[in-house]
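Q:
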């Protein structure tokens with residue numbers, strides 16, 4: 003997670019508060035106590051919450067937090083417990099599912115390659131796929147699945163999100179996720195709308211990318 007004098011926190015699971023406070027630092031205090039709504043209405047006061055406030059409201063037992071200012075980590079740690087049963091405290095090294103944070107990383111990598119001329123944002127995606135290709139169908143006659151459309155969730159690709167896997171479950175490789183084959187727990191990732199005709203959130207499209 004990255005922030006410039008702001009906090010972005012991962013709410014991974016809801017309610018106990020415990021955190022070793024760092025040395026006094028105004029930036030960190032603002033992050034701990036300055037959470038607010040994503041939308042501010044002009045002329046109306048904007049509420050401010052602390053991390054424990056939000057954990058209690060959302061019933062989140064544990065949160066991992068990292069504060070980054072000007073490209074440097076200024077604090078990392080945890081609040082609460084990993085799960086209500088074990089009582090194990092969250093720390094800076096606790097593992098959580100990355101989930102959609104991976105989308106920003108993937109998008110950044112794609113745009114760096116496009117800027118370097120390695121990829122074209124508007125070429126058909128199958129131009130670049132080798133070990134697996136997106137199956138052709140009638141929807142792709144009128145429009146092409148491209149990096150630009152995958153990035154903007156307008157490629158007509160299925161599978162909005164993924165359930166994830168419990169510790170100890172067999173884990174699929176990427177091609178099994180793309181085809182929806184065991185041990186993947188998602189349906190196949192396919193095109194079921196004309197690319198460019200609509201906007202629809204697609205984690206499946208990001209897996210293709």
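Numbering (the numbering used here), first residue to last: 3 to 211. We treat Cβ as the ideally placed atom computed from N, Cα and C, and that holds for glycine.
How long is the line joining the alpha carbons of residue 202 and residue 142, rounded to whole angstroms?
A: If I take the Cα positions, the gap works out to 16 Å.
Q: Relative to the ligand MG, is the shortest distance from any of its heavy atoms to the C-beta of residue 195 smaller than 7 Å?
A: This structure lacks the ligand MG; in fact it carries no ligand of any kind.
Q: Looking at C-beta atoms only, is the number of pairs between the stretch 166-174 and the stretch 126-145 that lie closer than 8 Å three or more?
A: No, they do not touch.
Q: What does residue 39 pair with, by DSSP beta-bridge criteria?
A: Bridge partners of residue 39: none, in fact.
Q: Could you name the residues of the same chain whose beta carbon sits closer than 8 Å to that of residue 27, not counting the 5 residues immediately before and after it, in chain order?
A: These residues qualify, in order along the chain: 76, 77.
Q: Report the residue from 111, 79, 204 whose alpha carbon sits nearest the alpha carbon of residue 212.
A: A question about residue 212 goes unanswered here, because the residues of the chain that appear run from 3 up to 211.
Q: Using only the alpha-carbon positions, how far apart do residue 120 and residue 151 sit?
A: Taking the straight line joining both Cα atoms gives about 17 Å.
Q: Could you compute how far the alpha carbon of residue 67 sits from the alpha carbon of residue 149?
A: Rounded to the nearest angstrom, the two C-alpha atoms are 31 Å apart.
Q: List the residues that DSSP assigns as beta-bridge partners of residue 148.
A: Answer is 126.
Q: Does DSSP classify residue 114 as helix, strand or coil?
A: In this structure, residue 114 counts as helix in the three-state DSSP scheme.
Q: Is residue 194 helix, strand or coil by DSSP?
A: DSSP places residue 194 in coil when its eight states are reduced to three.
Q: Just checking my contact of residue 206 with residue 161 at CB under 8 Å: how many whole Å lie between their CB atoms?
A: 3 Å between Cβ atoms; contact.
Q: Can you give me the start and stop residues for the alpha helix (DSSP H) that residue 180 sits inside?
A: Start and end: 176-181.
Q: Which residues bound the alpha helix (DSSP H) around residue 55?
A: Unbroken alpha helix (DSSP H) run through residue 55: 53-60.
Q: Is the beta carbon of residue 191 less than 8 Å from the beta carbon of residue 176?
A: Cβ distance not < 8 Å, so residue 191 and residue 176 don't count as in contact.
Q: Which residues share a DSSP beta bridge with residue 159?
A: 193, per the DSSP bridge assignment.
Q: Considering only their Cβ atoms, is the gap separating residue 146 from residue 126 smaller than 8 Å?
A: Against a cut-off of 8 Å, the Cβ pair of residue 146 and residue 126 comes out as a contact.
Q: Indicate the three-state DSSP secondary structure (helix, strand or coil) for residue 20 in the structure shown.
A: Bear in mind that a pLDDT of 38 at residue 20, under 50, signals an unreliable position, so the model cannot answer this.
Q: Give every residue of the same chain whose Cβ lies closer than 7 Å to the Cβ of residue 92, excluding the five residues on either side of it in the sequence, and list them in chain order.
A: Here the set comprises 64, 65, 66, 80, 81, 82, 83, 84.
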